């Protein structure tokens, strides 16, 4: 095809050469004319081109995600999204935020006694450890300058009064981690971290176009830096404004330090943040020994004092009682006479009256409980003839098993 476009006619092939070339191209003897074959080839080429476009688009999206992830590491996510969408980022004023500053005590001495690579490795290990902890809180890491570490909470998304609590908890977590941190090239030396916190208003915005940076401006930033520089190693130094916000949660252990003279601020009332109470300490009161209850024996003694015949026993356990002998009460109306006799027996009125009285006393006795708490049971009745009149007499029997 290219040789047919040659400017010199002598260089162009003749028709016989073109036909032979076409036969070589159409070596499979495909049906149809040359135009159909060309259309098939163009269709196959278009399909390959679509596949290549899909692959290139997929690669582009992957690279875009990487760039966005890198931008999210440099700027807050809401600010980065505005830049990605092409919207202008305008600086904004925030009424209440909490700023964290920290540095390493004696870092200059450590740097002078270490090689540059050792210093880089030290800061990289330390800040990598810090970044993992910071990711668990609602805070934003602003920047690191040398051994200084700056974090803020309450912007760009406002969170009410939670900014002070988030920064305080993060500071306690970082301080606890530093106690176990070991310097790789100086394992015997303990790293000393100094922390300062302050709450107040500030302005935040993106500065620069070529290398944009999210910066904070205001007196709150300077005060937080002064709180850190006037603090002590392995302690968290907080201002009075931060302390007032933390007191609303009633969970933090704060001790007053007193008034401290600060550069450009005069004397400020400051405090130490020592820790936070656990859930068990807040929800569960300390258990004290319960008041001594009177024993069962004491109750028994009290009961026996009022009634010696009543004993205190367990309701679930009935002690086995020994059977008590109970006599069968059979009144002898006329001992000299036999009731089984077929003859009529004549009884005078006085003897009958006496017999009836003993019967009535026997009836009263049947309703009186015995010592074991059981009433006598009527087993059977015996007929007695008094002047041809039948009188039913009960016989008492109390059988104890």
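Numbering (full-length UniProt numbering), first residue to last: 1 to 401.
Even glycine gets a Cβ: it sits at the ideal position worked out from N, Cα and C.
Computed from a predicted structure; not experimentally measured.
By the Cβ-count criterion, residue 166 is buried, with 16 or more other Cβ atoms from all chains shown falling within 10 Å of its own Cβ.
Among the bridge pairs identified by DSSP, residue 102 is matched with 149 and 195. The beta carbon of residue 147 sits closer than 6 Å to those of 103, 104 and 107, all from its chain and outside the five residues before and after it, given in chain order. Secondary structure at residue 70: helix, using DSSP grouped into helix, strand and coil. By the criterion of at least three beta-carbon pairs nearer than 8 Å, the stretch 167 to 181 is not in contact with the stretch 108 to 115. When C-alpha distances from residue 90 are compared across 149, 214, 59 and 244, the shortest belongs to 214.
The beta carbons of residue 225 and residue 98 sit no closer together than 8 Å. Residue 151 is positioned such that its CB atom lies no closer than 8 Å to that of residue 94. Of all C-beta pairs linking the stretch 188 to 199 to the stretch 233 to 251, three or more are shorter than 8 Å, placing the two stretches in contact. Taking C-beta separations shorter than 6 Å and ignoring five residues to either side along the sequence, the partners of residue 71 in its chain run 80, following chain order. With fewer than three CB-CB distances shorter than 8 Å, the stretch 167 to 178 does not count as touching the stretch 38 to 48. Residue 88 counts as exposed, since fewer than 16 other beta carbons sit within 10 angstroms of its beta carbon. Taking all protein chains shown into account, residue 204 has 16 or more neighbouring C-beta atoms within 10 Å of its C-beta and is therefore buried. Residue state for residue 120 is assigned as helix, using DSSP reduced to three classes. In the three-state DSSP reduction, residue 75 falls in the coil class, being neither helix nor strand.
In the DSSP assignment, the residues bridged to residue 237 are 196 and 272. At the C-beta level, residue 137 and residue 149 stay beyond 8 Å of one another. Note that the stretch 116 to 130 does not touch the stretch 248 to 260; fewer than 3 beta-carbon pairs, one per stretch, sit closer than 8 Å. Excluding sequence positions up to five before and after residue 125, its CB lies within less than 7 Å of the CB of 184, all in the same chain and listed in chain order. Apart from the 5 residues on each side of it in sequence, residue 143 sits with its Cβ closer than 7 Å to the Cβ of 150 in its chain, given in chain order. Partner residues in the beta bridge of residue 141, as assigned by DSSP, are 151.
Apart from the 5 residues on each side of it in sequence, residue 242 sits with its Cβ closer than 7 Å to the Cβ of 98, 164, 197, 198 and 199 in its chain, given in chain order. Between residue 96 and residue 248, the alpha-carbon positions lie close to 15 Å from each other. Inclusion of residue 223 and residue 202 in the CB contact set at 8 Å is not warranted, their separation being larger than that value. Following the DSSP letters along the chain, one finds residue 11 in no alpha helix (DSSP H), marked with neither H nor E. Non-local beta-carbon contacts of residue 231 in its own chain, meaning distances under 8 Å to residues more than five positions away in sequence, involve 194, 195, 196 and 237 in chain order. DSSP places residue 64 in the helix class (H, G or I) of the three-state scheme.
When rounded, the separation of the alpha-carbon atoms in residue 227 and residue 118 is 29 Å. Residue 267 carries a strand assignment under DSSP once its states are collapsed to helix, strand and coil. Excluding the 5 residues flanking it on each side, residue 246 has same chain C-beta neighbours closer than 8 Å at 164, 165, 168, 238, 252, 254 and 273, in chain order.
A distance below 8 Å separates the beta carbons of residue 11 and residue 3. Looking only at 14, 38 and 58, the smallest Cα-Cα distance to residue 25 is reached by 38. Annotated as distal: residue 162 and residue 133, with beta-carbon spacing of 8 Å or more. Around the beta carbon of residue 206, 16 or more other beta carbons sit within 10 angstroms, so the residue counts as buried. In the structure shown, residue 277 adopts coil according to DSSP, grouped into three states. Straight across, the Cα-Cα distance linking residue 64 with residue 276 is about 43 Å.
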